[in-house]
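Residue numbers 29 to 257, in my numbering, belong to the letters of the sequence shown in order. Idealized CB from N, CA, C, for every residue including glycine. The structure appears below as structure tokens.
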Amino acid sequence: GGGLSRYENERFTNFATEHGLRSHFVWAIAEDLEGRIWVGTGRPAGLYLFHDGVFTSFGRRKGLPIEGGVRAIFADREGNLWIGGDGGGLGRFRDGAFSSFTVRDGLPSNLIRAIDQDREGNLWIGTNDGLCRFRQGQFQRYTKEDGLAHNAVYAIHQDSEGVIWFGTQGGLTRRVDGRFRSYTTRDGLFQNVIYRILEDGEQNLWMSSNRGIFSVSKKAFADIDQGRL
């Protein structure tokens, strides 16, 4: 709710509506292949290109399909910028124009919280009603019935070994060899509601939750799977 802040040379520079933002609620930040910074806001929904201290706005009037607020931005290897949020489905921005995909095209939900791309080039989209993989123009949906911890998916991360991890409202899920395996507080996980997943250089996963930040060694999950822990 306070705008955008940049930390550089041990100092903060803050940007607000007087610099071109239409909202102080910044919910998503991403960097594209050219090193440019994209910012997503809510109340109202907006997409902004930040360059040389200036914001260029791409809002609803310019074709942004997202409603409510932008929650996820991802730049893929093919030069597409993907956008998701509180409604409107999945937006794609390329060559200065927007296109969109919704539940009518196969999305589980028009409310999107996470977007990422795996090593094979597949796009993964976390929604409020399931996970889906976008490959060759087709959406494939995955839910709790397939092994997800919860249908509300908030975070996606592919680690250094190619394993994909999903943070959900009901636990952590990983995908290995095409199968899903989930972990919750019943297995010793600190908290089930996971908003972000990152990996350090020592084979640990770091996760943010609604109760704080925690880390788990990736080896611990293998130990659990093998019954050693």
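Inter-residue Cα distance where the pair is residue i and residue j
i       : j       : result
Asn-150 : Ile-101 : 16 angstroms
Gly-29  : Leu-159 : 28 angstroms
Arg-163 : Ser-51  : 34 angstroms
Arg-89  : Phe-121 : 14 angstroms
Ser-128 : Gly-116 : 8 angstroms
Trp-193 : Thr-213 : 16 angstroms
Glu-59  : Ser-33  : 15 angstroms
Trp-66  : Phe-208 : 32 angstroms
His-47  : Gly-255 : 55 angstroms
Leu-257 : Gly-229 : 23 angstroms
Asp-144 : Ala-56  : 13 angstroms
Asn-179 : Arg-105 : 27 angstroms
Ile-94  : Asn-156 : 15 angstroms
Gly-91  : Gly-119 : 10 angstroms
Arg-224 : Gly-195 : 7 angstroms
Gly-259 : Trp-152 : Absent from the structure is residue 259, since the part of the chain shown begins at 29 and ends at 257.
Phe-53  : Ala-125 : 24 angstroms
Residues that residue i bridges to, as DSSP identifies them
i       : result
Leu-49  : Partner(s): none; Leu-49 has no beta bridge.
Ala-73  : In the DSSP output, where bridge partners are listed per residue, Ala-73 has none listed.
Arg-163 : Gln-166
Leu-118 : Phe-129
Leu-92  : BP columns for Leu-92 are empty, so no partner.
Ser-85  : Tyr-76
Asn-42  : Ser-33
Trp-66  : Ala-58, Leu-77
Phe-102 : Trp-110
Glu-155 : Checking the sequence shown, residue 155 turns out to be Thr, not Glu. Paired residue(s): Ile-140, Gly-158.
Gly-134 : DSSP output for Gly-134 lists no bridge partner at all.
Gln-145 : Leu-151
Closest Cα partner of residue i within the set the options
i       : options                            : result
Tyr-211 : Leu-233, Gly-190, Ile-252, Val-191 : Ile-252
Trp-234 : Arg-163, Ala-56, His-185, Gln-166  : His-185
Gly-154 : Ile-57, Gly-31, Phe-167            : Phe-167
Tyr-170 : Leu-135, Gly-240, Gln-254          : Leu-135
Glu-62  : Val-54, Arg-50, Leu-77, Ser-51     : Leu-77
Asp-71  : Asp-114, Phe-208, Ala-180          : Residue identity differs from the one stated: residue 71 is Arg in this sequence, not Asp. Looking at the Cα atoms, Asp-114 is the closest of the given residues.
Asp-133 : Arg-122, Arg-161, Gly-124, Ala-125 : Arg-161
Asn-238 : Phe-126, Arg-202, Gln-254, Val-221 : Val-221
Gly-31  : Val-244, Leu-176, Gly-74           : Gly-74
Ala-142 : Glu-38, Ala-250, Val-98, Phe-43    : Val-98
Ser-236 : Tyr-182, Glu-189, Phe-249          : Tyr-182
Leu-139 : Asp-123, Gly-96, Glu-148           : Gly-96
Glu-173 : Arg-64, Thr-201, Leu-217, Gly-216  : Thr-201
Asp-80  : Phe-43, Gly-68, Phe-53, Ala-103    : Phe-43
Asp-248 : Thr-41, Gln-231, Thr-130           : Per the sequence shown, residue 248 should be read as Ala rather than Asp. Taking only the C-alpha atoms, the option nearest Ala-248 is Gln-231.
Gly-165 : Ser-137, Arg-147, Ser-188, Thr-130 : Thr-130
Fully enclosed by the segment 178-244, which alpha helix (DSSP H) runs are 4 residues long or longer?
Counting only runs of 4 or more, we get nothing.
Within 8 angstroms, do at least three Cβ pairs link the segment 77-85 to the segment 110-118?
Touching, no.
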